[in-house]
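Asker: According to my numbering, the residues represented by the sequence shown are 544 to 882, in order. Where is the CB? At the ideal position from N, CA and C, for every residue including glycine.
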Amino acid sequence: MAQPMLTKSFPSVNLSHKPTPLERLDNLSDDYQTNIWIKRDDCTGLAFGGNKSRQLEYYIGHAKSLGADTLLTTGAIQSNHVRMTVAAARKTNMDVEVQLEHRVDRDQVEYHESGNPFLVKLMGAKIHYYPVGEDEDGADQAMIDRAEVLKREGKKPYVIPMSSASTPYGALGYIEAAEEILAQLESINIAPVRFFVPSGSASTHAGLLLGLRASGYALPVDGICVRRDAQSQQQRVLTKVHSVEALLGFDVGIVSDDVICDDRFLAPGYGLLNAPATAAIKLLARREGIFLDPTYSGKTFAALIDCLQSSSYGMDDHIVFLHTGGSPSLFGYPELVSD
Ligand SMILES: *Cc1c(COP(=O)(O)O)cnc(C)c1O
């Protein structure tokens, strides 16, 4: 695989198995009489895999270039990002403290104890709790305050913030992924018509879109909203695109019409299942033996299924789904198998 071109001047560390496979879902492709491809970023290798390992390669590269010895970050109780940050810290021999936010109203003991929080405890991270749900800036600030305390103790902390105001080094990982995907599409000689990705903090969506457009590739990227309505999410993706452009020092000229955000699969909200996501999770498990997750990939695959049902793609068309991981959080949703 060629070295990443656009991001090569940025420091990074190696955390992921790359390239991840790009596979055809043969059974589902048969069922829907078209070609459905899955980019297996759930198989990045680090601590059950997922999109955060590509993002963390650049965050930790930046942290190490500043001499940091301790990582701090924040997320929901079942955050994959928190789990993978702890794993990345362990692999790169850094200390790590995480903050778990009360973002999702779920009382089940499994949600609070199983899956990601279990793994975070297994890896021995110091855990702080943040009692508020939707308060991104407040959650970041609490970590920044904690970093100040650590500095006074002689540590060199590095905060990985989540708000869209911060520099999204993580998006560089998805610019690199776009180059990887384009090389794979070229080698199997297909030109997809649609590309489905979850759109959360938007580092993945923004990075991919930018990476594709920077290579002159016009493929529509369907960003599926998992936390905010389509209008706010579109603004957020554009903000991230512009800050990554500033980081790279060039302007790809992405306009708002090119930022597709679909929030029809978001309700009842972040981290909460709905009927289409539940059906998508069961479908992929039962037809392909692949695990999605309730918060991100399940809702994104639900959007893809909806698209197949409402459009007339055929055997000459190719649709790609980016599987961003998240399967450990399945263990926090026992109701998936209770009926
Ligand atoms: C974080 C996450 C996403 C969303 O990625 P962003 O870059 O935050 O938009 C999607 N899927 C999974 C499994 C995640 O953990």
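(1) Spatial neighbours of residue 581 within its chain, please: CB distance less than 6 angstroms, with the 5 preceding and 5 following residues excluded, ordered by chain position.
(2) Given this structure, state the Cα-to-Cα distance separating residue 672 from residue 726, to the nearest angstrom.
(3) In whole angstroms, what is the alpha-carbon distance linking residue 789 and residue 710?
(4) Grab me the residues of residue 845's own chain with a C-beta within less than 6 angstroms of its C-beta, minus the 5 sequence neighbours each way, in chain order.
(5) State yes or no: is the C-beta of residue 745 nearer than 7 angstroms to some heavy atom of ligand 1?
(6) Can you say whether residue 544 is buried or exposed, counting buried as having 16 or more other CB atoms within 10 angstroms of its CB?
(7) So what's residue 817 in DSSP terms, helix, strand or just coil?
(8) Quick one: give me the first and last residue of the beta strand (DSSP E) that residue 795 is part of.
(9) Alpha carbon to alpha carbon, how far is residue 738 from residue 803?
(10) When you compare the CB positions of residue 704 and residue 683, do they come within less than 8 angstroms of one another, or not?
(11) On the three-state DSSP scale, how would you describe residue 879?
(12) Below 7 angstroms, is the gap between the Cβ of residue 664 and the nearest heavy atom of ligand 1?
(13) Measuring only the C-alpha atoms, how far is residue 665 from residue 859?
(14) When the Cβ atoms of the region 596 to 608 are set against those of the region 553 to 565, are three or more pairs found closer than 8 angstroms?
(15) Taking the alpha carbon of residue 729 as the point to measure from, which residue in 841, 767, 760 has its own alpha carbon closest?
(16) Mind checking residue 793: buried by the 16 CB within 10 Å criterion, or exposed?
(17) For ligand 1, is there a heavy atom less than 7 angstroms away from the beta-carbon of residue 594?
(18) Where do the ends of the alpha helix (DSSP H) carrying residue 850 lie?
(19) Closer than 7 angstroms by C-beta to residue 629: which residues in its own chain qualify, once you throw out the five before and the five after it? Chain order, please.
(20) What three-state label does DSSP hand residue 652 in the structure shown?
(21) With DSSP as the reference, label residue 544 as helix, strand or coil.
(22) Checking the sheet assignment: what are the DSSP bridge partners for residue 740?
(23) Please give me, in chain order, every unbroken run of the beta strand (DSSP E) with length at least 3 that falls completely inside the region 591 to 676.
(24) To the nearest angstrom, report how far apart residue 558 and residue 719 are at their CA atoms.
Answerer: Taking the structure as given:
(1) By 1-based counting over the sequence shown, the position of residue 581 is 38. These residues qualify, in order along the chain: 566, 568, 864, 866.
(2) The residue given as residue 672 occupies position 129 in the sequence shown. The residue given as residue 726 occupies position 183 in the sequence shown. Those two C-alpha atoms are separated by around 42 angstroms.
(3) For the purposes of this step, residue 789 is identified with residue 246 of the sequence shown, where counting begins at 1. For the purposes of this step, residue 710 is identified with residue 167 of the sequence shown, where counting begins at 1. Distance between the alpha carbons of residue 789 and residue 710: 9 angstroms.
(4) Walking along the sequence shown from the start, residue 845 turns up at place 302. The residues are 808, 819, 820, 823.
(5) Position 202 of the sequence shown, counting from 1, holds the residue named residue 745. The answer is yes for residue 745.
(6) The sequence position of residue 544 within the sequence shown is 1, counting from 1. Here the model assigns residue 544 a pLDDT of 47, short of 50, so the residue's position is not dependable, and the following value carries that caveat. When all chains shown are included, residue 544 counts as exposed.
(7) By 1-based counting over the sequence shown, the position of residue 817 is 274. Note: residue 817 maps to coil in three-state DSSP.
(8) Working through the sequence shown from its first residue, we reach residue 795 at position 252. Premise fails: residue 795 is in no beta strand (DSSP E) and is neither H nor E.
(9) Locating residue 738 in the sequence shown gives position 195, where the first residue counts as 1. Locating residue 803 in the sequence shown gives position 260, where the first residue counts as 1. Taking the straight line from one Cα to the other gives about 11 angstroms.
(10) Position 161 of the sequence shown, counting from 1, holds the residue named residue 704. Position 140 of the sequence shown, counting from 1, holds the residue named residue 683. Against a cut-off of 8 angstroms, the Cβ pair of residue 683 and residue 704 comes out as a contact.
(11) For the purposes of this step, residue 879 is identified with residue 336 of the sequence shown, where counting begins at 1. Note: residue 879 maps to helix in three-state DSSP.
(12) As a working note, residue 664 is residue 121 in the sequence shown. For ligand 1, not one heavy atom lies less than 7 angstroms from the Cβ of residue 664.
(13) Taking the first residue of the sequence shown as position 1, residue 665 is located at position 122. Taking the first residue of the sequence shown as position 1, residue 859 is located at position 316. Cα to Cα, residue 665 sits roughly 47 angstroms from residue 859.
(14) yes
(15) Working through the sequence shown from its first residue, we reach residue 729 at position 186. When each option's Cα is compared against that of residue 729, the closest is 760.
(16) The sequence position of residue 793 within the sequence shown is 250, counting from 1. The residue is exposed, with fewer than 16 neighbouring Cβ atoms inside 10 Å.
(17) The residue labelled residue 594 in the question sits at position 51 within the sequence shown. Residue 594: yes, Cβ under 7 angstroms from ligand 1.
(18) Here residue 850 refers to the residue found at position 307 when the sequence shown is read from its first residue. Per DSSP, residue 850 belongs to the alpha helix (DSSP H) from 840 to 853.
(19) In the sequence shown, the residue the question calls residue 629 occupies position 86. Once the five neighbours on either side are set aside, the close Cβ partners of residue 629 are 639, 641, 663, 666, 668.
(20) On the sequence shown, position 109 is the one that residue 652 refers to. Note: residue 652 maps to helix in three-state DSSP.
(21) Stepping through the sequence shown from its first residue, residue 544 is reached at position 1. Since pLDDT at residue 544 reaches only 47, below the 50 mark, its modelled position is unreliable, and the value read off the structure follows with that caveat. Note: residue 544 maps to coil in three-state DSSP.
(22) In the sequence shown, the residue the question calls residue 740 occupies position 197. Looking at the DSSP assignment, residue 740 forms a beta bridge with 766.
(23) 613 to 619, 638 to 644, 669 to 673
(24) Your numbering for residue 558 matches position 15 in the sequence shown. Your numbering for residue 719 matches position 176 in the sequence shown. Those two C-alpha atoms are separated by around 14 angstroms.
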